[in-house]
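Everything below concerns the one structure shown next.
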Amino acid sequence: MRMALTIVGVAVLFLVVAGVVLAQSGGGYDLSWYTVDNGGYTFSSGGDYTLGGTVGQPDAGAAMTGGGYTLVGGFWGGEAGGYRVYLPLVLKNR
26 MRMALTIVGV
36 AVLFLVVAGV
46 VLAQSGGGYD
56 LSWYTVDNGG
66 YTFSSGGDYT
76 LGGTVGQPDA
86 GAAMTGGGYT
96 LVGGFWGGEA
106 GGYRVYLPLV
116 LKNR
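Per my numbering, the very first residue in the sequence shown carries number 26; after that it's consecutive.
Put into structure tokens, the structure is as follows:
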């Protein structure tokens, strides 16, 4: 009986200490803007500037602009293309 009570007490103490260890924070570090992305590039060129990006980069943020340039992180930036509706042509014979 005494041995079982000791084992239960040690188990409860272990769980309490483990909970305290898990509850500790990492100090003043903020790693929310640093990610590991899939490598490689999609495309790039020289004259008149063209730049690709990495594949599978999940960190989307606000656009950064300056000096006539715009940089958008995360998903592919750009304007949405316009859609054209093509209806079938119906002719009536007279």
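Note that the Cβ used here is the ideal one computed from N, Cα and C, for glycine as well.
Can you list, in chain order, the residues of its chain with a C-beta nearer than 7 Å to that of residue i? Leave out the 5 residues immediately preceding and following it.
{"i": "Leu-76", "result": "Ser-69"}
{"i": "Gly-74", "result": "The sequence as given places Tyr at residue 74; Gly does not occur at that position. Excluding positions up to five away in sequence, the list is empty."}
Starting from residue i and walking both ways along the beta strand (DSSP E), at which residues does that stretch end?
{"i": "Leu-96", "result": "94-96"}
{"i": "Gly-91", "result": "89-91"}
Quick check: residue i and residue j, are their CB atoms within less than 8 Å of each other?
{"i": "Thr-95", "j": "Ala-87", "result": "no"}
Could you tell me which residues DSSP puts in a beta bridge with residue i?
{"i": "Leu-76", "result": "Ser-69"}
Can you list, in chain order, the residues of its chain whose CB lies under 8 Å from that of residue i, leaving out five sequence neighbours each side?
{"i": "Ala-36", "result": "none"}
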